[in-house]
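Novice:
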Amino acid sequence: MKSLSTINRRFFIKGTGVAALVGTATLTGCAEQVGSEPQQIDNETITPYEKVNFDAGYNRVGTNSIKFDMIKMFNPDNQLDVGMGIADMDFRTLPQVTSALKKRLETENWGYELPPLDYSKNIVAWNKRRYDADVPQGNILNSVGVLDGVLSTLKSFGNDGDRVLLLTPNYSSFFTTIHQANMYEAESEMIRNDDGRYVVDWDDFEAQISTGIKLYILCNPQNPTGNCWTADELRRMGDICNAHDCLVIADEIHCDFVTNGNKYVAYASLGDKYAQNSISYKSTSKSFNLASHRTGYMFSHNRSYIDKVLKGGHQRLLLNIMGMIASNEALKHGDDYIDEQNLYLTENAKYVEKFCADRIPIIKYQVQEGTYLAWLDCRELSEKLDVETKASELNIYNKANNVTATDFFGVTSIKTYTGGSYLKKWMLDNARIDINPGENYGKGGDGFMRMNLATNRATLLKAMENIEIAINNI
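Following this line, the structure appears as structure tokens:
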């Protein structure tokens, strides 16, 4: 093992695993879960968990928030009351995170910097403590968010033109990431039961993989349908993938969000035969609202898989130091915060379920098993609004009158609508809320909408009452 004094620039470039560098120094001062008394950590006193008031109002307008400010950039005439589209939260983050970032700012120097020396150890401890899941410390790689790691894996294990399997409806950015790898999505549409839970169409799942698909992206818990996949479901997926030499790419970024009575099962914890044919991806960005720090990690129990990703060009030893500090503090001190946040989010989901049933039954919703995203069945509402006809009429008008729209990259084109994007427009125009059309999430998404519930109760009430008024005025 190299000593810290022998590390040189070449070692920095070659040793891209988190533990490759952190493991060269003695790991001292790793914080245990915070109790009721202050603890001494590396000569610094860390205070016990300071409760966050999730009910407190928190105005993000004017902070360059994508959720609240971007909609006004491209739709200046719209009067937005509540942004509920992009999946981040309207809560203050863990106080220890903010304190650590303020302390780092005081140094006023931003040269090359080591990751926190207990960072990988805290990743391991969090997963073991929370989920009894073993993460091999020497096989952890940094990534600039989860999708960065997924893209590196696709490029390392696949070839141009390959197909990548997704269970749909599924996270919309997976489609973009697959296309960035010069590959194509293969969609296995799930079956929606009468109780609103989605299940795998096992015949179709295996039939698709048996055509030669070698890459399967698992979303666990599933965005946007909220499935917390059971151990039996995960094993069945894994058995099919293993039988056909198909790699399981397990995005588990929503793992810390489960509603009462449900459970997240880490795919790599199912047993060696599953762990050896998978790579897992996680981040503190969802759990502690740190998405702008662009910090995530990936790992595999199969060292050859990690080496293959490294040889494929994944070089991410040094991430943004503020993101790594924030993530490290969250992993050390965030247990109580996550537990209380989950209780609050569960009550938000129950509130929306009851509101829909009692006051706007034209929209159907059952509390999801995981994530903080409500998957709203708006098919009856879409039919009542005749969204397909309205979208077609708007498209004819826009083309005839040269009505254009400019996207985020500055590209201007004739403004066009689908049934789903018309429903999104209707919600924005009439309910003054921004939520995502289900068609963005692949097959099975038409007529549904995804609503972000990670906000305070008063804001949630405002959004639901706005929808109610809009529906009553149809």
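Just so we're aligned, residue 83 is where the sequence shown starts under the numbering used here, counting upward by one.
Even for Gly, the Cβ is constructed at its ideal location relative to N, Cα and C.
Among I551, L413 and T180, which has the Cα closest to the Cα of S369?
Specialist: Working through the sequence shown from its first residue, we reach residue 369 at position 287. The shortest Cα separation from S369 among I551, L413 and T180 belongs to L413.
Novice: Going by beta carbon distance, what residues of the same chain come within less than 8 Å of L505, once the five residues before and after it are set aside?
Specialist: Position 423 of the sequence shown, counted from the start, is the residue given in the question as residue 505. Answer for L505: C460, L463, S464, L467, V469, P519 and M531, listed in chain order.
Novice: I need the straight-line Cα distance from S292 to Y454, nearest angstrom please.
Specialist: The residue given as residue 292 occupies position 210 in the sequence shown. The residue given as residue 454 occupies position 372 in the sequence shown. Approximately 34 Å between the Cα atoms of the pair.
Novice: Checking 8 Å against the spacing of the C-beta atoms, do C310 and V281 come in under that value?
Specialist: As a working note, residue 310 is residue 228 in the sequence shown. As a working note, residue 281 is residue 199 in the sequence shown. Cβ atoms of C310 and V281: not closer than 8 Å.
Novice: Grab me the residues of Y447's own chain with a C-beta within less than 7 Å of its C-beta, minus the 5 sequence neighbours each way, in chain order.
Specialist: Residue mapping note: residue 447 aligns to position 365 of the sequence shown, counting from 1. Contacts found: V434, E435, C438, A456, L458 and D459.
Novice: Just reading off the beta strand (DSSP E) that R532 is part of, what are its end residues?
Specialist: Here residue 532 corresponds to residue number 450 of the sequence shown, with the count starting at 1. From DSSP, the beta strand (DSSP E) with R532 extends over F530 to N534.
Novice: DSSP state of I558, grouped into three classes?
Specialist: Residue 558 cannot be examined here, being either before or after the span of the chain that is shown, 83 to 556.
Novice: Roughly how many angstroms separate the alpha carbons of P306 and S374, rounded to a whole number?
Specialist: Walking along the sequence shown from the start, residue 306 turns up at place 224. Walking along the sequence shown from the start, residue 374 turns up at place 292. Approximately 21 Å between the Cα atoms of the pair.
Novice: Spatial neighbours of M380 within its chain, please: C-beta separation below 7 Å, excluding the five flanking residues on both sides.
Specialist: Translated into the one-based positions of the sequence shown, residue 380 becomes position 298. L223, S225, G231, I361, S362 and Y363.
Novice: Tell me which residues share the same chain as C301 and place their Cβ nearer than 7 Å to its Cβ, disregarding the 5 neighbours each side in the sequence.
Specialist: As a first step, residue 301 must be located in the sequence shown, where it is residue number 219. Closer than 7 Å at the Cβ level, and outside the excluded window around C301, lie N252, Y253 and D333.
Novice: According to DSSP, is T145 helix, strand or coil?
Specialist: By 1-based counting over the sequence shown, the position of residue 145 is 63. Correct three-state label for T145: coil.
Novice: Within the same chain, show all residues whose beta-carbon is closer than 6 Å to that of A536, passing over the 5 residues directly before and after it, in chain order.
Specialist: The residue you call residue 536 lines up with position 454 of the sequence shown. So the qualifying residues of the chain are M171 and Y454.
Novice: Take the Cβ of M155 as the centre, count every other Cβ of all protein chains shown within 10 Å, and call the residue buried at 16 or more, exposed below.
Specialist: Within the sequence shown, residue 155 is the residue found at index 73, counting from 1. Result: exposed.
Novice: Taking V391 and T235 to be in contact with their CB atoms under 8 Å, please state how far apart those CB atoms are, rounded to whole angstroms.
Specialist: Here residue 391 is taken as the residue at index 309 of the sequence shown, counted from 1. Here residue 235 is taken as the residue at index 153 of the sequence shown, counted from 1. The pair is a contact, with the Cβ atoms about 6 Å apart (cut-off 8 Å).
Novice: In whole angstroms, give me the CA-to-CA distance for N538 and G394.
Specialist: Along the sequence shown, one-based indexing puts residue 538 at 456. Along the sequence shown, one-based indexing puts residue 394 at 312. Taking the straight line from one Cα to the other gives about 43 Å.
Novice: Quick one: which unbroken beta strand (DSSP E) runs of 3-plus residues sit fully inside the region 458 to 533? Chain order, please.
Specialist: If we require 3 residues or more, the beta strand (DSSP E) runs fully inside the region 458 to 533 come out as 486 to 488 and 494 to 496.
Novice: Tell me where the beta strand (DSSP E) around L247 begins and ends.
Specialist: Taking the sequence shown and counting its residues from 1, the one referred to as residue 247 is at position 165. Here the beta strand (DSSP E) through L247 covers R245 to T250.
Novice: Please determine, among G278, L229 and M272, the residue with the shortest C-alpha to C-alpha distance to A263.
Specialist: As a working note, residue 263 is residue 181 in the sequence shown. Ranking the options by Cα distance to A263, first place goes to L229.
Novice: DSSP three-state label for M272, please.
Specialist: By one-based count along the sequence shown, residue 272 stands at place 190. If DSSP states are grouped into helix, strand and coil, M272 belongs with coil.
Novice: For E288, does the three-state DSSP call read helix, strand or coil?
Specialist: For the purposes of this step, residue 288 is taken as the residue at position 206 of the sequence shown. It is helical.
Novice: Is it a yes or a no for the region 415 to 426 touching the region 134 to 154, going by three-plus beta-carbon pairs under 8 Å?
Specialist: Judged by Cβ distances under 8 Å, the region 415 to 426 makes contact with the region 134 to 154, as three or more pairs qualify.
Novice: How do the region 243 to 250 and the region 495 to 502 stand: do at least 3 beta-carbon pairs fall below 8 Å, yes or no?
Specialist: Contact between the region 243 to 250 and the region 495 to 502 is absent, because fewer than three Cβ pairs lie under 8 Å.
Novice: State the beta-bridge partners of K364 as determined by DSSP.
Specialist: On the sequence shown, position 282 is the one that residue 364 refers to. Partner(s): Y379.
Novice: How should K203 be labelled, buried or exposed, when 16 other C-beta atoms within 10 angstroms of its C-beta is the threshold for buried?
Specialist: Taking the sequence shown and counting its residues from 1, one reaches residue 203 at position 121. Result: buried.
Novice: When DSSP labels each residue in this structure, what does I222 get in the three-state scheme?
Specialist: Position 140 of the sequence shown, counted from the start, is the residue given in the question as residue 222. In this structure, I222 counts as strand in the three-state DSSP scheme.
Novice: Give me, in chain order, the residues of the same chain whose beta-carbon lies closer than 6 Å to that of A513; leave out the 5 immediate sequence neighbours on both sides.
Specialist: For the purposes of this step, residue 513 is identified with residue 431 of the sequence shown, where counting begins at 1. The residues are N548, I549 and A552.
Novice: Since I407 and L183 should fall inside the 8 Å C-beta cutoff, what is the C-beta to C-beta distance between them, to a whole number of angstroms?
Specialist: Mapped onto the sequence shown, residue 407 falls at position 325. Mapped onto the sequence shown, residue 183 falls at position 101. Confirmed, about 6 Å.
Novice: Using beta-carbon positions only, say whether D516 and G294 come within less than 8 Å of one another.
Specialist: Position 434 of the sequence shown, counted from the start, is the residue given in the question as residue 516. Position 212 of the sequence shown, counted from the start, is the residue given in the question as residue 294. Result no, Cβ atoms of D516 and G294 do not sit closer than 8 Å.
Novice: State yes or no: is the C-beta of G308 within less than 8 Å of the C-beta of E451?
Specialist: Sequence index remark: in the sequence shown, residue 308 carries index 226 (1-based). Sequence index remark: in the sequence shown, residue 451 carries index 369 (1-based). In contact: G308 and E451 (Cβ atoms closer than 8 Å).
Novice: Which of the three DSSP states is assigned to K446 in this structure?
Specialist: For the purposes of this step, residue 446 is taken as residue 364 along the sequence shown, with counting starting at 1. Reduced to three states, the DSSP call for K446 is strand.
Novice: For I556, which residues from the same chain have a beta carbon less than 8 Å from its beta carbon, with the 5 sequence-adjacent residues on both sides left out?
Specialist: Here residue 556 refers to the residue found at position 474 when the sequence shown is read from its first residue. Within the same chain, I556 has close Cβ partners K466 and L467.
Novice: Could you tell me the distance, in whole angstroms, from the CA atom of P198 to the CA atom of H336?
Specialist: Residue numbering aside, residue 198 sits at position 116 when the sequence shown is read from its first letter. Residue numbering aside, residue 336 sits at position 254 when the sequence shown is read from its first letter. Taking the straight line from one Cα to the other gives about 24 Å.
Novice: Whole angstroms are fine: how far does the CA of I168 sit from the CA of L187?
Specialist: Locating residue 187 in the sequence shown gives position 105, where the first residue counts as 1. Locating residue 168 in the sequence shown gives position 86, where the first residue counts as 1. In a straight line, the C-alpha of L187 is about 28 Å away from that of I168.
Novice: How should L542 be labelled, buried or exposed, when 16 other C-beta atoms within 10 angstroms of its C-beta is the threshold for buried?
Specialist: Against the sequence shown, residue 542 aligns to sequence position 460. Result: buried.
Novice: So the candidates are H261, T500 and T486; which of them puts its Cα closest to the Cα of N157?
Specialist: Locating residue 157 in the sequence shown gives position 75, where the first residue counts as 1. Among H261, T500 and T486, the Cα nearest to that of N157 is on T486.
Novice: Just tell me which of R279, M533, R318 and T145 has its CA closest to the CA of D561.
Specialist: Here the chain covers residues 83 to 556 and nothing more, so residue 561 does not appear.
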